[in-house]
Structures are given as structure tokens and as C-alpha cells.
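The working numbering puts the first residue of the sequence shown at 129, with every later residue one more than the last. Even for Gly, the Cβ is constructed at its ideal location relative to N, Cα and C. The block underneath contains the structure these notes are about, expressed in C-alpha cells.
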Amino acid sequence: MTLIEAKNISLSYGSVEALHNVSFAIEEGEHIGIVGPNGSGKTSLVRSILGLEFPQKGELHVRTESIGYLPQQLKGKDPLFPATVSEIVEMGVKRKERFRSREAVAEVLADLAISDLADRRIGSLSGGQLQRVHLARALVSDPKLLILDEPTSALDPKTRSGFYSLMDHLKEDGVTILLVTHDVATVGTYTDKILYLDQQLIFFGEYDEFCESGGMGKYFGQATQHQHCWRHE
Numbered sequence: 129m130t131l132i133e134a135k136n137i138s139l140s141y142g143s144v145e146a147l148h149n150v151s152f153a154i155e156e157g158e159h160i161g162i163v164g165p166n167g168s169g170k171t172s173l174v175r176s177i178l179g180l181e182f183p184q185k186g187e188l189h190v191r192t193e194s195i196g197y198l199p200q201q202l203k204g205k206d207p208l209f210p211a212t213v214s215e216i217v218e219m220g221v222k223r224k225e226r227f228r229s230r231e232a233v234a235e236v237l238a239d240l241a242i243s244d245l246a247d248r249r250i251g252s253l254s255g256g257q258l259q260r261v262h263l264a265r266a267l268v269s270d271p272k273l274l275i276l277d278e279p280t281s282a283l284d285p286k287t288r289s290g291f292y293s294l295m296d297h298l299k300e301d302g303v304t305i306l307l308v309t310h311d312v313a314t315v316g317t318y319t320d321k322i323l324y325l326d327q328q329l330i331f332f333g334e335y336d337e338f339c340e341s342g343g344m345g346k347y348f349g350q351a352t353q354h355q356h357c358w359r360h361e
């Protein structure tokens, strides 16, 4: 089933165009890497999918309301912030499922190997721990679609590797994932397809097609393209 479908969408902020005539279709269960330079429209696209922005032109269909979101800027590093890990994760439980919130929270903390953090104050956690807690909050209601915005930007290499292992498990569960990142090589390793934006859609397809595309070499420069694809191999 096609979960997200964009048909010639355009979005502007005043006279500044963020997205221009963008079209693509994402199938249920696919893992898509959304890449592009700063100011390329990645955030505008994500906000549109979340229903926080509305393209002025074209059509955007998101065929699920079951969405988990891990933002780039994580809250909770204030050491005086009073909430515990369990309380933060419980905020992600849907209202109609509150009757089983404790069970759901315990399950997702166990899945992410952070049960030992349940009673810790959120402000006392390391960057990697905090990131897993917010991921748990995004996952606690079993979303069909998970959107991750630069999820590993503040993580050390070991923690980053562990995070992507979690993504592999989610893929086995059939969760559709949109991974927003600046690291094109990471996309080649951990996602099915690459969606490259620069206001307009530059490329959408499998990573091998990206590496073999002469057009991509012209756009990025052959040396940069070769570096990304060599790392992928």
C-alpha cells in the first residue's frame, strides 16, 4: 500500500519557495533517507507530512494517522527538569490506550534496553540515553510511520551503531521510516531508497541507482559522488 504520496507539491513562505513541484510515492514498510543541503526543504517536507504545514499547490496524501516523530532538537537536558523517563515515554501513549500505558511503557523500554532508566530524571541522562528515551516515546503507540530528524547527529560512533541496529529491528516489524540526514553514505547503508531534495526533487530511487547516475555526478561532483558510493561498498 502507498503510505505517502506527493503530487507536484509546492510550498512557499512569503516569496521564499521551500518546495517546488515535488512528486514521489512511499510504500508501506519502506525505509527512506531524506537528504539535501541546508535550506533544501527537508524540514518543510517533514512538517507537511506531519500536518504542520500545508502545500499551496499540488496534493499530499498521508494514509495513516499513526505517526511517531523524533525531532532533531531533543528536550530534557535541564538537570532540574522534574520528569522521569517513564513519565516522558508515557506522554507518547494515545489517549484511548491510557488504560494499558504502564504495560506499553515497560515493553518499549525493554525493547530499547533502557528499563534500568525508568525512574531516572530525564535531565540526568547522557545524549545517547536521552535519544533512546525520545525514540521510546515515539514508538510506544506502535506507529505505522516513524520520522527521524538527524537522529544520530549528537551521538558517538558506538551509540550511533546501536541506534541503526534498532532501525533494522523496526524494519523487520514493518514500520515505515523516514530518516532525515546530511550523511548520504549512511542512507546507502541503512535505507531502501534515497530522496534528495534541493527545493525540487533531484533524485528518488534506490542507492545503487544514485551511485550509477551520471546526472548525480554532475550535480554533486564526481569526486564527492565516488566518495559516498565507495563508502557504501
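- Item | Residues that L276 bridges to, as DSSP identifies them | L198, L307
- Return the Cβ separation of L163 and H310 in integer angstroms, given the expectation that the two are a contact with Cβ distance under 8 Å. Here the sequence assigns Val to residue 163, which means Leu is not the residue at that position. V163 to H310, Cβ: 7 Å. Contact.
- Work out the CA separation of H148 and L267 for me, nearest whole Å. 32 Å
- For I250, which three-state DSSP category applies? helix
- Can you tell me whether R228 is buried or exposed, with buried defined as 16 or more other CB within 10 angstroms of its CB? exposed
- Message: Here's the rule I'm using: 16 or more other beta-carbon atoms within 10 Å means buried, otherwise exposed. How should P183 be labelled?
- Response: buried
- Task: Report the rounded CA-to-CA distance for S151 versus D244, giving the unit in angstroms.
- Result: Approximately 44 Å, taken between the alpha carbons.
- Query: When we look at the beta-carbon of P285 and count the other beta-carbons within 10 Å, is it buried (16 or more) or exposed?
  - Reply: exposed
- Sorted by chain position, which residues of the same chain lie with C-beta nearer than 7 Å to S140's C-beta, five sequence neighbours on each side aside? A146, Q184
- How many Å lie between G186 and P199 at the Cα? 26 Å
- Near A241, what residues of its chain come up, given a Cβ to Cβ distance below 7 Å and the 5 sequence neighbours on each side ignored? none
- Query: Which term fits S176, buried or exposed, when burial requires 16 or more other beta carbons within 10 angstroms of its beta carbon?
  - Reply: buried
- Q328 to T212, Cα distance in whole Å? 42 Å
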